[in-house]
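The opening position of the sequence shown corresponds to residue 0 in this note's numbering, with each subsequent residue numbered one higher.
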Amino acid sequence: MTARIFKPAKSAMSSGQAKTREWVLEYVNDTAREVDPLMGWTSSNDTQSQIRMRFATKEAALEYAKDNGIGAVVVEPKPRKPNIRAGGYGENFATNRRGAWTH
Numbered sequence: 000m001t002a003r004i005f006k007p008a009k010s011a012m013s014s015g016q017a018k019t020r021e022w023v024l025e026y027v028n029d030t031a032r033e034v035d036p037l038m039g040w041t042s043s044n045d046t047q048s049q050i051r052m053r054f055a056t057k058e059a060a061l062e063y064a065k066d067n068g069i070g071a072v073v074v075e076p077k078p079r080k081p082n083i084r085a086g087g088y089g090e091n092f093a094t095n096r097r098g099a100w101t102h
């Protein structure tokens, strides 16, 4: 039984950081998924793949894995580059504007 410990990335549909501050322990699939010939549903005999546990720190997740005999691989998060924009919409109407506003 092996697991992956990681910090999830933010959703592509929002700019917020919800659910990205905690570390997640998730089991790696041991067997491939199969397609049911009658219904076309995807299924697996591996019930561990349904388990996802959240921890406040990476150390807590590693300690849980060690205490339960789970081989864990830690995936470090990539640092997020801040998106700093020069100015904003309000600067289009500033009184101390350098150039003329033309459209």
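Backbone N, C-alpha and C define an ideal beta-carbon position, used for all residues, glycine too.
Quantities reported herein were computed from a predicted structural model and do not represent experimental measurements.
- Under DSSP, Trp40 forms no beta bridge with any residue.
- Glu33 and Ser43 have their C-alpha atoms some 6 Å from each other.
- For the pair of segments examined, the region 51-68 was found to touch the region 9-25: the number of CB pairs separated by less than 8 Å reaches three.
- Residue pairing of Tyr63 in beta bridges, as defined by DSSP: absent, with no partner found.
- In this structure, Met0 lies near Ile69, with their beta-carbon atoms less than 8 Å apart.
- Annotation: the continuous beta strand (DSSP E) that includes Ile4 extends over 1-5.
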